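With positions in the sequence shown counted from 1, the corresponding number in the working numbering is that position plus 172.
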Amino acid sequence: MTDDIADVVEAELIALSGALTEPADRECLRCFLLRMISEFGCDGTHRWTVRWRDVRAPRATELLGKLAELGAGCDCEALLNVFPEYPPTRRVLPCAGQPQPGSAVPCDLRVLRRTA
Ligand SMILES: [Zn+2]
Ligand SMILES: [Zn+2]
173 MTDDIADVVE
183 AELIALSGAL
193 TEPADRECLR
203 CFLLRMISEF
213 GCDGTHRWTV
223 RWRDVRAPRA
233 TELLGKLAEL
243 GAGCDCEALL
253 NVFPEYPPTR
263 RVLPCAGQPQ
273 PGSAVPCDLR
283 VLRRTA
């Protein structure tokens, strides 16, 4: 019993510490959330937002409060209510990059479409 719980916790820790859940250099919050939610889903909390913030914008202590004000009670709601603009595609596009560290402004994916 306790071994099972330890295994689950360990698996979770591996998932959370893995490179897969690491926000890429210059990856914007919107693209990171989309990538994580399409991989792992939303658990009704801001866990991916917190992960992004800790790596990319550790000083953005207001971020969760701002998202909540904009109608985001969890990660998937942030995508729906805060970052609704996304090119019409069914796949996850690579992030175009947010050059300003700590900025939660989404990248401009139209740049990618123009050069594609
Ligand atoms: Zn959600
Ligand atoms: Zn992006």
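C-beta: ideal position from N, C-alpha, C; glycine also. Source: prediction; values computed, not measured.
Rounded separation between residue i and residue j - CA only
i             : j              : result
proline 266   : leucine 236    : 24 Å
aspartate 215 : valine 264     : 19 Å
serine 275    : proline 259    : 21 Å
glutamate 211 : leucine 205    : 10 Å
proline 230   : isoleucine 177 : 30 Å
glutamate 249 : tryptophan 224 : 16 Å
threonine 193 : alanine 268    : 18 Å
valine 227    : glutamate 257  : 24 Å
cysteine 203  : proline 273    : 15 Å
Cβ distance (whole Å) where residue i is taken to contact residue j below 8 Å
i              : j           : result
isoleucine 209 : leucine 242 : Contact doesn't hold; Cβ gap of about 17 Å is too wide.
Limits of the unbroken alpha helix (DSSP H) element including residue i
i            : result
valine 261   : The question names valine, yet the displayed sequence has threonine at residue 261. Careful: threonine 261 lies outside any alpha helix (DSSP H) and carries neither H nor E.
arginine 202 : 201 to 212
valine 222   : 219 to 228
For residue i, three-class secondary structure by DSSP
i             : result
cysteine 248  : helix
serine 275    : coil
threonine 233 : coil
Residue i Cβ short of 6 Å to ligand 2 heavy atom set
i            : result
cysteine 203 : yes
cysteine 267 : yes
Any non-hydrogen atom of ligand 1 within 6 Å of residue i CB
i            : result
cysteine 150 : With the chain covering only 173 through 288, there is no way to say anything about residue 150.
glycine 213  : no
glycine 216  : yes
Interface flag, residue i vs chain D, CB-CB below 7 Å
i           : result
leucine 252 : Chain labels in this structure do not include chain D; a single protein chain is all it has.
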